[in-house]
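Undergrad: Take the sequence shown: its position 59, counted from the start at 1, is 59 in full-length UniProt numbering, and no numbers get skipped.
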Amino acid sequence: MIKVCCDVQGIEIVDITFDVSDSVIKSQLVLLLCDCVDSGASVGFLRPFSQIESQEYWCGVQADINKGARYLLVARLSGKLVGSVQLSVSNKANGLHRAEIEKLMVHTQARGLGVARLLMQRVEALAFSLSRSLLVLDTKKGDIAEGMYSKLGYVKVGEIPSFALSSCGELDATVLFYKELVCKPQPYK
Numbered sequence: 001m002i003k004v005c006c007d008v009q010g011i012e013i014v015d016i017t018f019d020v021s022d023s024v025i026k027s028q029l030v031l032l033l034c035d036c037v038d039s040g041a042s043v044g045f046l047r048p049f050s051q052i053e054s055q056e057y058w059c060g061v062q063a064d065i066n067k068g069a070r071y072l073l074v075a076r077l078s079g080k081l082v083g084s085v086q087l088s089v090s091n092k093a094n095g096l097h098r099a100e101i102e103k104l105m106v107h108t109q110a111r112g113l114g115v116a117r118l119l120m121q122r123v124e125a126l127a128f129s130l131s132r133s134l135l136v137l138d139t140k141k142g143d144i145a146e147g148m149y150s151k152l153g154y155v156k157v158g159e160i161p162s163f164a165l166s167s168c169g170e171l172d173a174t175v176l177f178y179k180e181l182v183c184k185p186q187p188y189k
């Protein structure tokens with residue numbers, strides 16, 4: 001089931017939670033992850049990074065989706081997949097109100113077009129539709145996304161030093177954010 005969430009400035013945000021196994025979508029997701037890792041994004045992988053590793057990662061995402069633990073939204077521009085974001089939902093009895101935003105990725109050729117902002121707005125609406133009122137996320141300190149999260153109303157909680165190893169061999173700090181969805185975000189269509 002592919003569900004179109006919105007179409008703004010030619011950028012279409014689509015809920016593909018149940019279609020990750022589609023071979024065309026999966027191959028585009030593989031290339032997106034490789035592009036982001038190759039450009040130095042801190043998304044859990046180090047260079048050199050192969051398409052086989054990327055395929056294995058997306059198989060794991062599919063397994064989480066099948067368990068109801070994860071949702072996946074993608075951005076398409078002119079039919080090409082140019083970004084994605086994931087919502088990992090807590091299934092703990094005391095955490096059914098919260099979710100974590102993970103792996104916000106935008107292809108290097110589509111950066112600066114507002115793709116990340118649109119993905120964030122749609123994933124917030126998705127979380128709200130799932131009765132998730134608290135969102136948490138983290139990002140590498142100094143990353144461009146850090147400023148965007150603040151502009152979108154996320155509250156910086158603090159930093160953890162030496163959190164993630166970079167491809168350059170350095171240990172980078174991560175910044176933790178949260179946002180309470182007390183006001184209804186844009187409707188999830």
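Built from N, CA and C at the ideal position, the CB exists for glycine as well.
No experiment lies behind these values; they were computed from the predicted model shown.
(1) Could you check the C-alpha separation between G10 and R111 for me, to the nearest Å?
(2) Between F128 and L181, which are expected to be in contact by the criterion C-beta below 8 Å, what is the C-beta distance as a whole number of angstroms?
(3) Taking only runs of the alpha helix (DSSP H) that begin and end inside the region 90 to 163, which ones reach a length of at least 4 residues, in chain order?
(4) If you follow the alpha helix (DSSP H) that I52 is part of, which residue opens it and which one closes it?
(5) Do the region 138 to 146 and the region 60 to 75 meet, that is, are 3 or more Cβ pairs less than 8 Å apart?
(6) State the Cα-Cα distance for the pair V89 and I65, rounded to the nearest angstrom.
(7) Answer with buried or exposed for M1, where buried requires no fewer than 16 other C-beta atoms within 10 angstroms of its C-beta.
(8) Ordered along the chain, which non-local residues of its own chain (more than five positions away) have a Cβ less than 7 Å from that of V155?
(9) Tell me whether the beta-carbon of C34 lies closer than 8 Å to the beta-carbon of F49.
(10) Using 10 angstroms around the beta-carbon of D22, count the other beta-carbons present and answer buried if the total reaches 16, otherwise exposed.
(11) Can you name the residues that DSSP bridges to E180?
(12) Could you give the C-beta distance for R76 and V14, rounded to a whole number, given that I count them as a contact under 8 Å?
(13) Say whether the region 28 to 42 touches the region 99 to 111, bearing in mind that this needs 3 or more beta-carbon pairs closer than 8 Å, one atom from each stretch.
(14) CA-CA distance, A173 and L104?
(15) Please state if the CB of M120 and the CB of V175 are separated by a distance shorter than 8 Å.
(16) Which residue from I16, R122, E124, E53 puts its Cα closest to that of L81?
TA: Once the coordinates are examined:
(1) Numbered from 1 along the sequence shown, position 10 holds the residue referred to as residue 10. Numbered from 1 along the sequence shown, position 111 holds the residue referred to as residue 111. When rounded, the distance between both Cα atoms is 14 Å.
(2) Working through the sequence shown from its first residue, we reach residue 128 at position 128. Working through the sequence shown from its first residue, we reach residue 181 at position 181. Confirmed, about 5 Å.
(3) 115 to 129, 144 to 151
(4) Position 52 of the sequence shown, counted from the first residue, corresponds to residue 52. Per DSSP, I52 belongs to the alpha helix (DSSP H) from 51 to 66.
(5) no
(6) Within the sequence shown, the letter at position 89 stands for residue 89. Within the sequence shown, the letter at position 65 stands for residue 65. One C-alpha to the other measures close to 10 Å.
(7) Within the sequence shown, numbered from 1, the residue matching residue 1 stands at position 1. Unreliable positioning characterises M1 in this predicted model, as indicated by a pLDDT of 39, which lies under 50. The coordinate reading is nonetheless provided below. The residue in question, M1, is exposed, as its Cβ has fewer than 16 Cβ neighbours within 10 Å.
(8) In the sequence shown, residue 155 corresponds to position 155, counting from 1. If we look at V155 and ignore the five residues flanking it on each side, its Cβ neighbours are F177, Y178, K179.
(9) Working through the sequence shown from its first residue, we reach residue 34 at position 34. Working through the sequence shown from its first residue, we reach residue 49 at position 49. Yes, they are a contact pair.
(10) By one-based count along the sequence shown, residue 22 stands at place 22. The residue is exposed, with fewer than 16 neighbouring Cβ atoms inside 10 Å.
(11) Within the sequence shown, residue 180 is the residue found at index 180, counting from 1. According to DSSP, E180 bridges with L134.
(12) The sequence position of residue 76 within the sequence shown is 76, counting from 1. The sequence position of residue 14 within the sequence shown is 14, counting from 1. Between R76 and V14 the beta-carbon gap is near 6 Å, inside 8 Å, which marks them as a contact.
(13) yes
(14) Within the sequence shown, the letter at position 173 stands for residue 173. Within the sequence shown, the letter at position 104 stands for residue 104. Cα to Cα, A173 sits roughly 18 Å from L104.
(15) Locating residue 175 in the sequence shown gives position 175, where the first residue counts as 1. Locating residue 120 in the sequence shown gives position 120, where the first residue counts as 1. For V175 and M120, no; Cβs fall outside 8 Å.
(16) Looking up residue 81 in the sequence shown gives position 81. Here the closest residue by C-alpha is I16.
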